[in-house]
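Residue numbers (this note's numbering): 32 to 72.
Working notes, structure below.
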Amino acid sequence: RLGLLIGAKNTVTELDKLRLPYNINTLTQVSANFLLQEKDE
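See below:
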């Protein structure tokens, strides 16, 4: 699962403190990269 957060800078900064350092697995990273490349074409 991959998500996107948009918000006030101070809110996002505080929420980022709670994020785990490796919260996205390899399969998700590869899939997102592929989909973003396909979107550009």
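All C-beta atoms, glycine included, are put in the ideal place defined by N, C-alpha and C.
Helix, strand or coil for residue i per DSSP?
| i | result |
| --- | --- |
| Asn64 | helix |
| Asn54 | coil |
| Lys48 | coil |
Quick one: measure Cβ to Cβ for residue i and residue j, integer angstroms, because I've assumed they're closer than 8 angstroms.
| i | j | result |
| --- | --- | --- |
| Leu33 | Ile55 | 7 angstroms |
Whole angstroms is fine: what's the gap from residue i's alpha carbon to residue j's?
| i | j | result |
| --- | --- | --- |
| Phe65 | Thr57 | 12 angstroms |
| Ser18 | Leu51 | As shown, the chain starts at 32 and ends at 72. That puts residue 18 outside it, with no answer to give. |
| Gln60 | Ala39 | 25 angstroms |
Would you check whether the ligand ATP has a heavy atom nearer than 7 angstroms to the C-beta of residue i?
| i | result |
| --- | --- |
| Leu58 | Although the ligand ATP was asked about, the structure shown includes no ligands whatsoever. |
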